Amino acid sequence: MSTLGKSGSQLNQKTNASRLFNVNLQLLGQLLEDAPSVSTLASQLKPIVRKQQLLNLQPEKDLYGVTWRIHQKLWQDTLSLEVSGIGYDDHQGGLWRPRVTYKIDDATTVILGADRYYGNNESLFELLKADQTYFINLIYTL
C-alpha cells in the first residue's frame with residue numbers, strides 16, 4: 011500500500027497590463043508501507059525488481075520531491091519566459107524544462123525549449139537522459 015501526498019502554493023504578481031510573473035511550487039511525498047526489500051530477493055531477480063521500481067517511480071521506500079514553474083510574460087504578452095521541472099531527493103534526479111515563446115504576429119508563434127534530465131545511475135531520470143531534447147517550434151495559424 012502506498013500513500014502519495016502533495017502540497018503546493020502559487021504566487022502571481024501583476025505589475026501592469028504588460029507584465030505577469032507567476033511562481034508555482036509543489037512538494038511531493040510518497041510513502042510505501044509494505045515496500046519489498048530488494049536485498050532479500052534471489053540475485054537473479056534483483057535487477058528485474060530494481061528496474062520495475064524505477065519505472066514505477068518507487069525506487070525507495072519513502073520518496074520526496076518538488077515540482078516548480080516560474081513564468082514571466084513581457085511586452086504585451088508577446089514574449090513568455092518559463093522554466094519548470096521536477097526534482098527528487100537522494101539523487102533520484104529530475105527534469106528541467108526551459109521555454110521561450112515569442113509571438114511574432116497574430117498568426118505566428120516561435121517556441122524555443124529543451125527537456126533536460128539529470129540523476130544518478132539508478133534513477134528513472136538517468137534512464138531518460140538519452141531522450142533529452144532541444145527544439146524550435148514554429149506555429150502558424152490560418
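Taking our numbering, the leading residue of the sequence shown gets 11, the next gets one more, and so forth.
From the three backbone atoms N, C-alpha and C, an ideal C-beta is built for every residue, glycine too.
Since we're looking at a predicted model, the values are computed, not measured.
- request: Using the Cα positions of V93 and D72, report the straight-line distance between them to the nearest angstrom.
  value: Answer to the nearest angstrom: the Cα atoms are 27 Å apart.
- request: Have a look at F31 and W85 and give me their C-alpha separation to the nearest angstrom.
  value: 12 Å
D141 (DSSP reduced to helix, strand or coil): helix
- prompt: Opposite H81 in the DSSP bridges: which residues?
  reply: N32 and E92
field: Distance between Y128 and A140 (C-alpha atoms, nearest Å)
entry: 11 Å
field: Straight-line gap, D99 to Y74 (C-alpha atoms, nearest Å)
entry: 6 Å
query: Taking only beta-carbon atoms, is F135 less than 9 Å away from chain D?
result: No chain D is present in this structure, which holds just one protein chain.
field: N-terminal and C-terminal residue of the beta strand (DSSP E) that T118 is part of
entry: T118 to Y128
V76 to G103 span [Cα, whole Å]: 11 Å
- prompt: Going by C-alpha distance, which of Y112, L134, R126 and E136 is nearest N147?
  reply: Residue Y112 holds the alpha-carbon nearest to the alpha-carbon of N147 among Y112, L134, R126 and E136.
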